[in-house]
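Asker: Pasting a structure here, questions to come.
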Amino acid sequence: MFAELLQYLLSGLTIGAIYALAGLGFSIIYNASHVINFAQGEFIMIGGMASATLTASGVPLPLAILIGCGGAMLVGVLVAKFAVERARNASTVTLIIITIGASIFLRGVAELVWGKDFKRLDAFSGETPIQILGASMQPQSLWVVGTAAVLIVAIGLFFSRTLTGKAILATSHNRLAAQLVGIDVKRVVLASFALSAALGAVGGAVVAPITFSYTEMGIMLGLKGFTAAVLGGLGHGPGAVAGGLIVGVAEALGAGYISSAYKDAVAFVIILAVLLFMPNGLFGKRGTERV
Amino acid sequence: MNALLHGRLTGLLVLGAVIAILPAFLPNNFYLDIAILAGFNAMVCVGLNLLIGYAGQISLGHAGFFGIGAYASAVLVGTYGWPPVLALLAGAAAVGLLAFLVAKPILRLKGHYLAMATLGIGIIVSIVLRTESGLTGGPDGMMVEPFRIFGVELYGEKVWYWVVGVLLVGVVWLSLNLIDSPMGRALRAVHGSEVAAEVVGVDTARFKVLVFALSAVFASVAGSLFAHYAGLITPAKADFFKSIELVTMVVFGGMASTFGAVVGAVVLTLLPQALTVFQDYQQIVLGGILMATMVFMPKGLLPTLAALLPARRRA
Amino acid sequence: MKMLTGTDIAPDTSTQVRRVGRPILKVEHLSREFGGVLAIGDLSFTVAAGDIHSIIGPNGAGKTTLFNLVTGVYKPSGGRVLFDGADVSGMAPYKLAARGMSRTFQNLQIFFNMTALENVMVGRHLHLNTRLLPALFRFPSLVRKDREARDRAARLMADVGLSRYVDADAAAMPYGALKRLEIARALASEPKLLLLDEPAAGLNATESREIDEVIKTVAAGGITVILVEHDMKMVMGISHRITALNHGRKLAEGTPEEVATNPEVVAAYLGAAP
Chain A
1 MFAELLQYLL
11 SGLTIGAIYA
21 LAGLGFSIIY
31 NASHVINFAQ
41 GEFIMIGGMA
51 SATLTASGVP
61 LPLAILIGCG
71 GAMLVGVLVA
81 KFAVERARNA
91 STVTLIIITI
101 GASIFLRGVA
111 ELVWGKDFKR
121 LDAFSGETPI
131 QILGASMQPQ
141 SLWVVGTAAV
151 LIVAIGLFFS
161 RTLTGKAILA
171 TSHNRLAAQL
181 VGIDVKRVVL
191 ASFALSAALG
201 AVGGAVVAPI
211 TFSYTEMGIM
221 LGLKGFTAAV
231 LGGLGHGPGA
241 VAGGLIVGVA
251 EALGAGYISS
261 AYKDAVAFVI
271 ILAVLLFMPN
281 GLFGKRGTER
291 V
Chain B
1 MNALLHGRLT
11 GLLVLGAVIA
21 ILPAFLPNNF
31 YLDIAILAGF
41 NAMVCVGLNL
51 LIGYAGQISL
61 GHAGFFGIGA
71 YASAVLVGTY
81 GWPPVLALLA
91 GAAAVGLLAF
101 LVAKPILRLK
111 GHYLAMATLG
121 IGIIVSIVLR
131 TESGLTGGPD
141 GMMVEPFRIF
151 GVELYGEKVW
161 YWVVGVLLVG
171 VVWLSLNLID
181 SPMGRALRAV
191 HGSEVAAEVV
201 GVDTARFKVL
211 VFALSAVFAS
221 VAGSLFAHYA
231 GLITPAKADF
241 FKSIELVTMV
251 VFGGMASTFG
261 AVVGAVVLTL
271 LPQALTVFQD
281 YQQIVLGGIL
291 MATMVFMPKG
301 LLPTLAALLP
311 ARRRA
Chain C
1 MKMLTGTDIA
11 PDTSTQVRRV
21 GRPILKVEHL
31 SREFGGVLAI
41 GDLSFTVAAG
51 DIHSIIGPNG
61 AGKTTLFNLV
71 TGVYKPSGGR
81 VLFDGADVSG
91 MAPYKLAARG
101 MSRTFQNLQI
111 FFNMTALENV
121 MVGRHLHLNT
131 RLLPALFRFP
141 SLVRKDREAR
151 DRAARLMADV
161 GLSRYVDADA
171 AAMPYGALKR
181 LEIARALASE
191 PKLLLLDEPA
201 AGLNATESRE
211 IDEVIKTVAA
221 GGITVILVEH
231 DMKMVMGISH
241 RITALNHGRK
251 LAEGTPEEVA
261 TNPEVVAAYL
271 GAAP
């Protein structure tokens, strides 16, 4: 009984950590530009595919991850510069379609470069399961959760300690005021895309040994990341992390106790239930409309 | 082009004329088939445009309603032997009821939260269709009986072309009527300023719910007929990508323009067919075109083209 | 500018005898706080039917919050609002509109996705058939009433001096014209009580005097007006009664002369401690 529950919790936390990273990516970009970047899942895919294919051709793992991360950041900056920035005053729907266009485009490029088949990446430290109180855990899960934890703490420090981080926060609170005190808001938007891309790509690389990599791996991961961000309250970083973990655990419990076929539906049922009672997510600000 | 946008009768006549003449230029059933698919998409988009373009509310889940309509017809006619017309009406009623029930809490949400909620509903519907294979045939889908009415079976591209053509003109007529009515103005007022609409007596929540349900019913009816026409329905017709495709057609053609929705649906139905020549580059070109049009023509195709023409419409 | 004819903007009930002095709006111990800050505190006052009743006070006195509470945009934290004898505290704005209350906004709330005429026609919402099926199938009765609404809206636009903008897109109109468009839209709903939130803000002296005339004619037609305005010349010139607010509380109330000479009001405006 308990071992079973623990098993579900562990696998839920593992995948939840990836959702948390994706959700954090959504939140960072949303804060800087009020854009929901539907290409977030593609950053994850780029990280996973790059590290899997590069290591297969003999590049050492850390370097492969680094290259994938750099590539994703470059792609993120390009998307921000050539699509999002030019459509600044467009409506929400228009911006959603632009980022969806970007995600289709990136998947197309990925298929061309890497092909459609599944790519395998070896687990970082073997595949001997670790036994914890009757539940067993892949060592790779530790890598996933550990890496996510380190990145999340680093992001927290980045926003509270560095000038660039504070500039991004300032821009999210008041774009005009930020501009007036000399913050280059365009660069803030670019930086936020680069940062989110890096988070996604590293997440993709560490999760690849568990899920395999393929060009469409980013679709569901991206949507779940969006769910995590909305669940926590859009633009609320810690909320997105909590949202990701909640979605991951709920999904694992739902798959284990209810029906594994409906695993992918769990996240969306939760988000609908929460939005019903908390229209701004769990931690979002409740605003009074000013007229 | 201005007439297309603003003259009710002129626009309808042009649309009718195009539909009437088109078959003369379509060499075979392959092209008729594409035209029919464009017509189905256009019907859904005209309804969706009432919600997105006029009332200003997002839905990323309308393919779910299309799918429920399609499967209602497939299951009720195929498995339970209902007459197709009855199945179509039952599907539309069920979708209307479902949309009505979920709309009230969901449409209180704004912007991206509304996008999330509608996306969630669409995905849940498509997962249910994919999973309940006893009823729906699962991921492989199910065969659908042909449409029969008064003992006549609708069969073949030539017949369906005219059925879809006439229905499309009808749907456009309904949409134009609605826009130019007190309810239509109330919907547009909801888009313009909810609080200003409220203080002159518009029950904004009621109209948002109504237009959401109406656009869902349009999608359901189109879904039912599509299922009968195609003879096969799969969960892919109800999934997230289909929803996105529909929204893209509306925005691409031009929001708050009924004829824009039609043009958007037609162009984006043709595009993938035209892009097959690009083979492996198809997705890249499609994604690129989406991004480029939205970046350079954020108002959409038809309004942008109309603005290029000399405007003598107003003083 | 063409003068109002009175018949166009007066409600259908205007043929009834107007009992001047009957309270149409009673605000009793009203309060509203935002995150612990009191925006309106224990505020009570009465507006007599047929009056032009102004609410004045320095910036941040709570005037717009008061409007939002009375018109149902915000819900009160305490106290109540009585309109025409009925408790309407926290009632939704559209329900209040059906009871005969409408308003304009300090920050323009225009339907920029419509023409000017259509903006005013939305104001006729309560008097038209707004059901779905008649609209979809264009019932003749609906079309006929719609045409009447169009004519009436055009007349209202002429009344507030906007004849030249009848076919204009709202988005293409200048600020001063939009201010009047809001008044025409509110009048189209045939209110008994009209709340105007800074109708003259941002207008030049000539435009302000024109708004003066519009307000006077509206009141002469039997519509009670509550006015929030910073233009003291306008307020003193057209008001029957004035309530002065400061920090969300009532400072003084009376005729324009009484309020203008009230030392506390003067002190509040000059920023001295009372």
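Chains as they are written, first to last, in the UniProt record's numbering: chain A, 1 to 291; chain B, 1 to 315; chain C, 1 to 274.
The C-beta atom is built at its ideal place from N, Cα and C for all residues, glycine as well.
These numbers were taken from a predicted model, which means no experiment stands behind them.
1. For residue 181(B), which of helix, strand or coil comes out of DSSP?
2. Taking the beta carbon of residue 64(A) as the centre, do at least 16 other beta carbons fall within 10 Å, making it buried, or is it exposed?
3. Check whether the Cβ atoms of residue 198(C) and residue 106(C) lie closer than 9 Å to each other.
4. Looking at the unbroken alpha helix (DSSP H) that takes in residue 13(A), where does it start and where does it end?
5. To the nearest angstrom, how far is it from the Cα of residue 90(A) to the Cα of residue 217(A)?
6. Verify the CB distance criterion: does residue 110(B) have a CB-CB separation below 9 Å to chain A?
7. Restricting to runs no shorter than 4 residues, where is the alpha helix (DSSP H) found entirely within the segment 74 to 162 of chain C?
8. Mind pulling the alpha helix (DSSP H) runs of 4 or more residues that sit fully within the segment 175 to 249 of chain C?
9. Could one say the Cβ of residue 202(B) lies closer than 9 Å to chain A's Cβ atoms, at least one of them?
10. Does DSSP put residue 264(B) in a helix, in a strand, or in coil?
11. Can you name the start and end residues of the beta strand (DSSP E) that residue 28(C) belongs to?
12. In this structure, does DSSP put residue 33(B) in helix, strand or coil?
13. Rounded C-beta distance between residue 373(B) and residue 36(B)? I'm assuming under 8 Å.
14. Would you mind stating whether residue 52(B) and residue 263(B) have Cβ atoms separated by less than 9 Å?
15. List the residues of chain A that residue 143(B) touches, going by C-beta distances under 7 Å, in chain order.
16. Taking only beta-carbon atoms, is residue 33(A) less than 9 Å away from chain B?
17. Pop quiz: residue 199(A) and residue 25(A) are said to be a contact at Cβ under 8 Å. What is the actual Cβ separation, rounded to whole angstroms?
18. Quick one: using the 10 Å Cβ neighbour count with 16 as the cut-off for buried, is residue 173(A) buried or exposed?
19. Can you tell me which residues form a DSSP beta bridge with residue 254(C)?
20. Hey, how far is the Cα of residue 233(A) from the Cα of residue 285(A)?
21. Just the Cα atoms here: how many angstroms apart are residue 66(C) and residue 235(C)?
22. Could you give the distance in angstroms between the alpha-carbon of residue 150(B) and the alpha-carbon of residue 31(B)?
23. Tell me which same chain residues have a C-beta within less than 6 Å of the C-beta of residue 87(C), skipping the five on either side of it?
24. By the criterion of Cβ-Cβ separation under 8 Å, what are the contact partners of residue 275(C) in chain B?
25. Suppose you measure from the CA of residue 61(B) to the CA of residue 62(A); what does that come to, to the nearest Å?
26. Under 9 Å between C-beta atoms, does residue 83(C) make it to chain B?
27. Opposite residue 157(B) in the DSSP bridges: which residues?
28. Anything in the segment 105 to 123 of chain A with a Cβ closer than 8 Å to a Cβ of chain B? List those residues in chain order, please.
29. Comparing the C-beta of residue 20(A) with each C-beta of chain B, is any distance below 9 Å?
30. Have a look at 242(C), 250(C) and 248(C) and flag the residue whose alpha-carbon is nearest the alpha-carbon of residue 258(C).
31. For residue 109(C), which option in 171(C), 98(C), 137(C) and 31(C) has the closest C-alpha, if you only look at C-alpha atoms?
32. Can you tell me which of the three DSSP states residue 140(B) falls into?
33. Would a check of beta-carbon distances place residue 175(C) closer than 9 Å to chain B?
34. Where does the unbroken beta strand (DSSP E) through residue 137(A) begin, and where does it stop?
35. Can the beta-carbon of residue 211(A) be found less than 9 Å from the beta-carbon of residue 116(A)?
36. Let me see if you follow: with CB-CB separation under 9 Å, is residue 287(B) close to chain A or not?
Answerer: According to the structure data:
1. If you number the second sequence from 1, residue 181(B) lands on position 181. Here residue 181(B) sits in coil by DSSP.
2. Within the first sequence, residue 64(A) is the residue found at index 64, counting from 1. Flag for residue 64(A) reads buried.
3. Position 198 of the third sequence holds residue 198(C). Position 106 of the third sequence holds residue 106(C). Yes, the Cβ-Cβ distance between residue 198(C) and residue 106(C) is below 9 Å.
4. Residue 13(A) sits at position 13 when you count from the first residue of the first sequence. It spans 2 to 33 - the alpha helix (DSSP H) in which residue 13(A) sits, taken as one unbroken run.
5. Within the first sequence, numbered from 1, the residue matching residue 90(A) stands at position 90. Within the first sequence, numbered from 1, the residue matching residue 217(A) stands at position 217. For residue 90(A) and residue 217(A), the distance between alpha carbons rounds to 29 Å.
6. Here residue 110(B) refers to the residue found at position 110 when the second sequence is read from its first residue. Yes, residue 110(B) counts as interfacial toward chain A.
7. 93 to 99, 116 to 122, 132 to 136 and 140 to 159
8. 175 to 188, 205 to 220 and 232 to 238
9. Reading the second sequence from its first residue, position 202 is the one you call residue 202(B). No, residue 202(B) does not count as interfacial toward chain A.
10. For the purposes of this step, residue 264(B) is taken as the residue at position 264 of the second sequence. Reduced to three states, the DSSP call for residue 264(B) is helix.
11. Residue 28(C) sits at position 28 when you count from the first residue of the third sequence. Taken as a continuous stretch (DSSP letters only), the beta strand (DSSP E) holding residue 28(C) covers 23 to 34.
12. By 1-based counting over the second sequence, the position of residue 33(B) is 33. Here residue 33(B) sits in helix by DSSP.
13. Residue 373(B) lies beyond the residue range present for chain B, which begins at 1 and ends at 315; the question has no answer from this structure.
14. Position 52 of the second sequence, counted from the first residue, corresponds to residue 52(B). Position 263 of the second sequence, counted from the first residue, corresponds to residue 263(B). For residue 52(B) and residue 263(B), no; Cβs fall outside 9 Å.
15. Working through the second sequence from its first residue, we reach residue 143(B) at position 143. Going along chain A, no residue has its Cβ under 7 Å from residue 143(B), so there is no contact; the nearest lies around 23 Å.
16. The residue given as residue 33(A) occupies position 33 in the first sequence. Answer no: the Cβ-Cβ gap between residue 33(A) and chain B never drops below 9 Å.
17. Here residue 199(A) refers to the residue found at position 199 of the first sequence. Here residue 25(A) refers to the residue found at position 25 of the first sequence. The pair is a contact, with the Cβ atoms about 5 Å apart (cut-off 8 Å).
18. Within the first sequence, residue 173(A) is the residue found at index 173, counting from 1. Residue 173(A) comes out exposed.
19. Working through the third sequence from its first residue, we reach residue 254(C) at position 254. 242(C), per the DSSP bridge assignment.
20. On the first sequence, residue 233(A) is found 233 positions in, with the first residue counted as 1. On the first sequence, residue 285(A) is found 285 positions in, with the first residue counted as 1. The straight-line gap from Cα to Cα measures roughly 8 Å.
21. Sequence index remark: in the third sequence, residue 66(C) carries index 66 (1-based). Sequence index remark: in the third sequence, residue 235(C) carries index 235 (1-based). Rounded to the nearest angstrom, the two C-alpha atoms are 18 Å apart.
22. Within the second sequence, residue 150(B) is the residue found at index 150, counting from 1. Within the second sequence, residue 31(B) is the residue found at index 31, counting from 1. One C-alpha to the other measures close to 29 Å.
23. Your numbering for residue 87(C) matches position 87 in the third sequence. Taken in chain order, the residues that qualify are 80.
24. Residue 275(C) cannot be examined here, being either before or after the span of chain C that is shown, 1 to 274.
25. Within the second sequence, the letter at position 61 stands for residue 61(B). Within the first sequence, the letter at position 62 stands for residue 62(A). When rounded, the distance between both Cα atoms is 40 Å.
26. One-based indexing of the third sequence puts residue 83(C) at position 83. Chain B, which has no Cβ nearer than 9 Å to the Cβ of residue 83(C), makes this no.
27. By one-based count along the second sequence, residue 157(B) stands at place 157. Answer by DSSP bridge pairing: none, since residue 157(B) is not bridged.
28. 105, 106, 107, 108, 109, 111 and 112
29. Taking the first sequence and counting its residues from 1, one reaches residue 20(A) at position 20. For residue 20(A), the answer is no, since every Cβ of chain B falls outside 9 Å of its Cβ.
30. The residue you call residue 258(C) lines up with position 258 of the third sequence. The shortest Cα separation from residue 258(C) among 242(C), 250(C) and 248(C) belongs to 242(C).
31. Start at 1 with the first residue of the third sequence, and residue 109(C) comes out as number 109. It is 171(C) whose Cα lies nearest to the Cα of residue 109(C).
32. Reading the second sequence from its first residue, position 140 is the one you call residue 140(B). It is helical.
33. As a working mapping, residue 175(C) is identified with position 175 in the third sequence. Chain B, which has no Cβ nearer than 9 Å to the Cβ of residue 175(C), makes this no.
34. Position 137 of the first sequence holds residue 137(A). From DSSP, the beta strand (DSSP E) with residue 137(A) extends over 135 to 137.
35. Mapped onto the first sequence, residue 211(A) falls at position 211. Mapped onto the first sequence, residue 116(A) falls at position 116. Contact: no.
36. Sequence index remark: in the second sequence, residue 287(B) carries index 287 (1-based). For residue 287(B), the answer is yes, since a Cβ of chain A falls inside 9 Å of its Cβ.
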